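Contents: one structure, followed by commentary.
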Amino acid sequence: MNIAILNRKWPGCFRANPKRQNEVIMKWKGSTDQDEDDNDDDQDAENRGSRKKTSMKKTSRVKQTIMKSFVKNSSGSRIPPDISPKATLALTDTTPSLPKHRVRCKRLAGRTVEQALGTPIQGKPYGMADLRYDLKKGNLKLKKR
Numbered sequence: 004m005n006i007a008i009l010n011r012k013w014p015g016c017f018r019a020n021p022k023r024q025n026e027v028i029m030k031w032k033g034s035t036d037q038d039e040d041d042n043d044d045d046q047d048a049e050n051r052g053s054r055k056k057t058s059m060k061k062t063s064r065v066k067q068t069i070m071k072s073f074v075k076n077s078s079g080s081r082i083p084p085d086i087s088p089k090a091t092l093a094l095t096d097t098t099p100s101l102p103k104h105r106v107r108c109k110r111l112a113g114r115t116v117e118q119a120l121g122t123p124i125q126g127k128p129y130g131m132a133d134l135r136y137d138l139k140k141g142n143l144k145l146k147k148r
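In this text, residue positions in the sequence shown follow this note's numbering: the first is 4, and each later residue adds one.
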């Protein structure tokens, strides 16, 4: 009965689903969809899911390869190859604008990168993003050992 109402309101857009008696398949007349065979909708969905799984596997393999090039320190943070874990952090002449950054940099001065990563500062562990920020802004610099 409801299917008849749909067909009256939008003629030619709905057809009966051959697999499910109480369902319809909708397709607009001007649709550019080239898939004329709507009878295998369930099979298409299964195939799409399997494609996603294989692409995720490929992505994770690439990610594993990239992550192997990073060194892991004692706190579990990954240190990229361009930063030596044994390098010492030193203060620069640049004064950080925020007080919390000033405190952070003073506490970390004199420590190695390996020691600094994971150090709790103001309730949060000092991470790689923090180190990159401080180096980029010139708040800290690395001294090679």
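Glycine is no exception: its CB is placed at the ideal position from the N, C-alpha and C atoms. It should be emphasised that the depicted structure is a prediction, and the values quoted were computed from it without experimental measurement.
{"Asked": "Local Cβ density within 10 Å of Val116, reported as buried at 16 or more and exposed below that", "Found": "buried"}
{"Asked": "Option nearest Gly141 by Cα separation, candidates Trp31, Lys22, Arg105 and Lys127", "Found": "Arg105"}
{"Asked": "Beta-carbon gap between Ala119 and Leu92 smaller than 8 Å", "Found": "yes"}
{"Asked": "Rounded C-alpha distance that separates Gln24 from Ile8", "Found": "16 Å"}
{"Asked": "Local Cβ density within 10 Å of Arg107, reported as buried at 16 or more and exposed below that", "Found": "buried"}
{"Asked": "Residue from Ala19, Pro14, Lys89 and Trp31 whose Cα sits closest to the Cα of Leu145", "Found": "Lys89"}
{"Asked": "Ser87 to Ser100 span [Cα, whole Å]", "Found": "27 Å"}
{"Asked": "Between the CA atoms of Asn10 and Lys32 - distance to the nearest angstrom", "Found": "13 Å"}
{"Asked": "DSSP-derived helix/strand/coil call for Asn20", "Found": "coil"}
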